Amino acid sequence: MTKSKADEEDYWNSSKFKAFTFDDEDDELIRLKESRQAVNSIQRLVEEDDDEDDVEKVSWSGEPVGSISWSVKETAASNQRTDREPAFPKIPTDTPSLSKSQSGYSLSSLFKGETGGRNFQSFTDTLSDSSIRLYAPELRKPKSEYKDYVSDWSPEETIQRLQQGKTAPLEKFRSLQDKLLLLDFAVSAHDGNVITAVLIYLKRTLSKEVLFRELESRQTALRHFIHYLTETKDQRLLLELLSLLVIHSYLFTVDFYFFTAKDSAHVQDHYTLLERQIIIEATDRQAERGGKVEIFQKFPRRASILNMPLITTLYYCCFYHYSEPEGTYSSPLNIRQAFKISEKQYFVTALAARAKLKAWLDVDALFTSRNWLGFTRKKSPLSFQRVVDVLQKNSAPTQVLQDYVGLVEDPDMRISLAQKHKCHDIVINTYRDMKDRQQLLGYRGKVGRGSAEERKIDELLNNQQIRWKN
Amino acid sequence: MAAHLSYGRVNLNILREAARKELREFLDKCAGSKAIVWDEYLTGPFGLIAQYSLLKEHEVEKMFTLKSGRLPSADVKNIIFFVRPRLELMDIIAENVFRCVYVSCYQTPHCKLVKECYLENDQTSLYHTAKGLMTLQALYGTIPQIYGKGDCARHVANMMLRMKREFAGTQNQILPVFDTLLLLDRNVDLLTPLATQLTYEGLIDEIYGINNGYVKLPPEKFAQKKQGEASKDLPTEPKKLQLNSAEELYAEIRDKNFNAVGAALSKKAKIISAAFEERHNAKTVGEIKQFVSQLPHMQAARSSLANHTSIAELIKDITTSEAFFDNLTVEQEFMTGVDTDKVNTYIEDCIAQKDPLIKILRLVCMQSVCNNGLKQKVLDYYKREILQTYGYEHILTLNNLEKGGLLKPQTSSRNNYPTIRKTLKLWMEDANEQNPNDISYVYSGYAPLSIRLTQVLARPGWRSIEEVLKMLPGPHFEERQQLPSGLHKKRQQGENRTTLVFFLGGVTYAEIAALRFLSQMEDSGMEYIIATTKLVNGTTWIKSLMDRPESQTP
């Protein structure tokens, strides 16, 4: 954050933002250290007794032994093992044996699609009934259950049964009117599962045109249906439905992205970017293989540029294609213009790329601008602290760093940066400007014995014309 | 195993035992040997109520994970699929089962309410919430008073009342444990989950993530070295720790502001050291015997102290970093209404440095919420920067965030947030982190809006904040349910009332800590039990609103 000096003073002095600071920061650290010391000392005491008992048993996967997650992994593993070795089938002694005469309900019969002796329907019926009844004595048999088992339920009753987890055949509703009643009751019941179940039935028994037409006027059902098609990845039908909705100006989609009209600019940019990336990728891969373009040999590409974000693409082009004329697809300036990249973003990206390549002249050129009188001056949309940070991360030599440290406005910040990067001249000059004799004296010890810097300091200290403030 | 659930006013073990019994009876429906095919997502939550030993007792011999392709062969009589009700999972099951079988899904209450409800407009989750509450009332008695705020709250209450009507005729004779139910929509308070939590448990969740009561930590600090042995290679597997109130030390420090944890640990260390020193004082056989009998407890305490000292050190490294401080400062600026209408320089810089996208999203959403929507220019700027830096595919996420009300353009209405903040005293200048006197300690100054509403409801009541309530989204309401005569509670002198607070759409550990604080406050007269569809923090919450989060770089 860059704040002007006055702001910063206010900021630090005001009590407004205590912002989770440690009032006595050293105290906190001391307390944690006390705790750590106590732990260590006690550990030594009980080392002899200390065995694994009080440590929770955890398997290699990190799961506590005995937990379900652990046992799932274990039985899966053991199953693999038994698969490999031939073994006689083990019949568990405490469970009834699986003789074929008793029930055709074995796993293998399921897989082979043989008819089992049991009726699946009734089995699952009992399951679903009991799961509700168990711990909700209030939810005992509702009035509707006392009707005949013969299925003559109305659409409304059918929906109620489905809501309660009971089975109720939908197939008996053949007329369009009945089917729509089913759907409307399902929607008003607010039960997504039931709505989906009805939609599945309607999808199977209605023509597309009729279904789509009816859904268009039922917003909730439409949303559920889109969700269902998305989840089951029924892309063709989804596309057809959405095309219809597009025609009716509801929304438009591109590759199953949902956008509103105002996002169209971003979508367009996305496509434009992809087009460019394809071209750049193809060209560069050729050039790299050809072995003649130097930069690709020195810095081989680590990944394809396809599907990378825009700024990453810009960085790539600033790295590999910096000096290209503005007319090419891969020219950074061209990209900047085509996508209306902000000055700051462009600057940061170009700076990072050129610094990585240690192209210090290019870095310098970024800052320099000629005004109409032909004079040059350095300006930066980025604070110079940030610039120094980026340069330092890319191992810029001190002479380069120096130039930019010197441009930091705030003297205290400038000094701390300069000291950090051993830009002695800057420190010296700043102390001189601040007329701070004490600090200058103190700094003398930090420069090399007999160095030019030392001599400079001595010169300044002996200079009678300077009106030191201390 | 879960004895700690029995303490406290409401015996939560009843609920746990009910679930275990239901599971047992469900398993017994299929006589004979069984194999269970698990949706991996469920093994964690199920682990909260049952261990493998219980399943084995009911003839579960094999367990597999549900995935595409054929199941490995198993010589069992029954196969049971435990899955979430997800369409894509049904297809995988169908691959293995040729017949059209209605698979009974054992409904778990865990649901992605926010995404489904607010984005996909799927109210199934609400229906299950209502059903869950009916089950709760069956176990703990009818709740006489229901308060709520929010659209989902209204729907759930309506469903509850309707369900009660449908089964009229049977009276619930259980003496009511809860006096009040408070239903709160998450979108009544969008700000709180976005802010970085500052309680001990909250920070563990923010940084490492707590799942089903477990946290996975970097193992280096937890390696145990024994004297005399060559030090083993450092473990590479993360260290998994269980975190719950059964652990005495954790129960003490979990809800504290992190700045107060060091002192608590140090104090504990002194107590434990002193206890171990007692061995010098034990002279008689009786005294020695007594000391030895205490040893296991002391060793457990030492081990607990060691773990939490390590965790605290890990967290400290992060909270003392410049990045953490800068981030928190900006959060607090937004919360106090500073410069919420301009592009924020810190956010800009973070985007330029390509900080994790979730961090950016949390901050811009917070700015939007505190400003009641961003100026179109500002919103467009952020959107463009984000899409250009992180990729255009994130437009889906941005749209989802807009739909959820988190990152939206300013409409013509004015920003009510300052009024809400002042009336409800959401920002407390002198929040005391060490010895808190107000719930704002959980965020070192910011009182969670949701908890303030809960606090005001108890005293002096929502009538006093009618105007502010109208500024928050969704209706607010009160309903009463008839109790059978004779069941009306006669309150003893000084006995607390109990409120069940149900968060629809997720709750953070910091909010839970704040509610526990309210319960413990002297003469509050109220005890709070918390229920939620999900535990969240800013990161998991935003992730749940992202589209196809696996395919995106965070």
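Read top to bottom, the protein sequences are chains A and B. Per this note's numbering, residue 1231 is the first one in the first sequence, and the count goes up by one each step. Per this note's numbering, residue 73 is the first one in the second sequence, and the count goes up by one each step. C-beta atoms are modelled at their ideal positions from N, C-alpha and C, and glycine is treated no differently. Since the model is a prediction, treat every value here as computed from it, not as a measurement.
Could you list which residues in chain B have their beta carbon closer than 8 Å to that of residue i, in chain order?
i	result
A:VAL1578	ALA424
A:SER1265	GLY334, LEU337, SER338, LYS340, ALA341, LEU377, THR381, ALA384
A:ARG1261	GLY334, ALA335, LEU337, SER338
A:PHE1569	GLN460
A:ASP1493	ILE467, ASN471
A:GLN1649	In chain order: nothing, as chain B lies at least about 18 Å away.
For residue i, report the span of its beta strand (DSSP E) as first-last.
i	result
B:ASN85	Where B:ASN85 is concerned, there is no enclosing beta strand (DSSP E), although the alpha helix (DSSP H) it sits in stretches over 85 to 101.
B:TYR515	Run containing B:TYR515: none; DSSP gives neither H nor E here.
A:ARG1531	Unbroken run through A:ARG1531: none, as it is neither H nor E.
B:LEU576	569 to 576
B:ILE537	Run containing B:ILE537: none; DSSP gives neither H nor E here.
B:LYS134	132 to 137
B:GLY220	217 to 221
B:ARG486	Here B:ARG486 belongs to no beta strand (DSSP E), and DSSP marks it neither H nor E.
B:PHE549	548 to 552
Along the alpha helix (DSSP H) that carries residue i, what are the first and last residues, could you check?
i	result
B:LYS606	Here B:LYS606 belongs to no alpha helix (DSSP H), and DSSP marks it neither H nor E.
B:VAL333	333 to 349
B:ILE458	448 to 462
A:LEU1690	1682 to 1692
A:LEU1631	1628 to 1635
A:TYR1458	1449 to 1461
A:TYR1559	Premise fails: A:TYR1559 is in no alpha helix (DSSP H) and is neither H nor E.
B:ASP421	417 to 424
A:HIS1500	1494 to 1520
B:ALA239	At residue 239 of chain B the sequence reads Phe, which differs from the Ala that was named. First-last for B:PHE239: undefined, no H or E at that position.
According to DSSP, residue i sits in a beta bridge with which residue or residues?
i	result
B:ASN150	B:LYS106
B:LYS311	B:LEU289
B:MET162	Per DSSP, none; premise fails for B:MET162.
B:THR271	B:ASN329
B:TRP499	B:TYR518
B:ASP257	B:LEU576
B:MET598	B:ARG569
Assuming contact is defined by CB atoms lying nearer than 8 Å, are residue i and residue j in contact in what I supplied?
i	j	result
B:THR201	B:VAL228	yes
A:VAL1657	A:GLN1649	yes
B:LEU521	B:LEU263	yes
B:ILE344	B:ALA323	no
B:ASN244	B:ALA267	no
B:LEU377	B:ALA318	no
A:LEU1596	A:PHE1614	no
B:ALA503	B:TYR489	no
B:ILE276	B:ILE423	no
B:MET438	B:GLU403	yes
A:ARG1674	A:ILE1687	yes
B:ILE218	B:LEU255	yes
B:PHE574	B:ASP327	no
B:GLN381	A:LEU1262	Checking the displayed sequence, the identity of residue 381 of chain B turns out to be Thr instead of Gln. In contact: B:THR381 and A:LEU1262 (Cβ atoms closer than 8 Å).
A:ASP1655	A:GLU1683	yes
Give me the chain B residues within the contact set of residue i, using Cβ-Cβ distance strictly less than 7 Å, ordered along the chain.
i	result
A:GLU1258	ASN331, GLY334
A:PRO1539	GLN460, THR461, TYR462, GLY463
A:ASP1499	TYR464
A:HIS1496	LEU459, TYR464, ILE467
A:GLN1622	Ordered by position in chain B, no residue passes the 7 Å Cβ test against A:GLN1622, which lies about 15 Å from the chain.
Closer than 7 Å by beta-carbon distance: list the chain A residues that pair up with residue i, in chain order.
i	result
B:ILE344	ALA1268, ILE1272
B:LYS447	The premise fails here: B:LYS447 is roughly 15 Å from chain A at the closest Cβ pair, so nothing lies under 7 Å.
B:TYR199	HIS1420, ASP1421
What in chain B is Cβ-close to residue i, meaning under 9 Å?
i	result
A:LEU1410	Near A:LEU1410 there are no residues of chain B at all, since even the closest Cβ is about 20 Å away, more than 9 Å.
In chain A, which residues lie with their C-beta within 9 Å of the C-beta of residue i?
i	result
B:HIS227	HIS1420
B:LYS388	GLU1258, LEU1259, LEU1262
Taking 7 Å as the cut-off, is the beta-carbon of residue i closer than that to any non-hydrogen atom of the ligand NAD?
i	result
B:GLN371	Absence of the ligand NAD from the depicted structure is noted, as is the absence of any ligand whatsoever, leaving it without description.
Looking at C-beta atoms only, is the number of pairs between the segment 474 to 494 of chain B and the segment 444 to 456 of chain B that lie closer than 8 Å three or more? Yes, since at least three Cβ pairs between the segment 474 to 494 of chain B and the segment 444 to 456 of chain B fall closer than 8 Å, the two stretches touch.
With a cut-off of 8 Å, do at least 3 Cβ pairs link the segment 1427 to 1440 of chain A to the segment 1400 to 1419 of chain A? Result yes; three or more Cβ-Cβ pairs closer than 8 Å.
Take every Cβ of the segment 417 to 436 of chain B, pair it with every Cβ of the segment 1454 to 1467 of chain A, and state whether three or more of those distances are shorter than 8 Å. Under the 8 Å Cβ criterion, the segment 417 to 436 of chain B does not count as touching the segment 1454 to 1467 of chain A, having fewer than three qualifying pairs.
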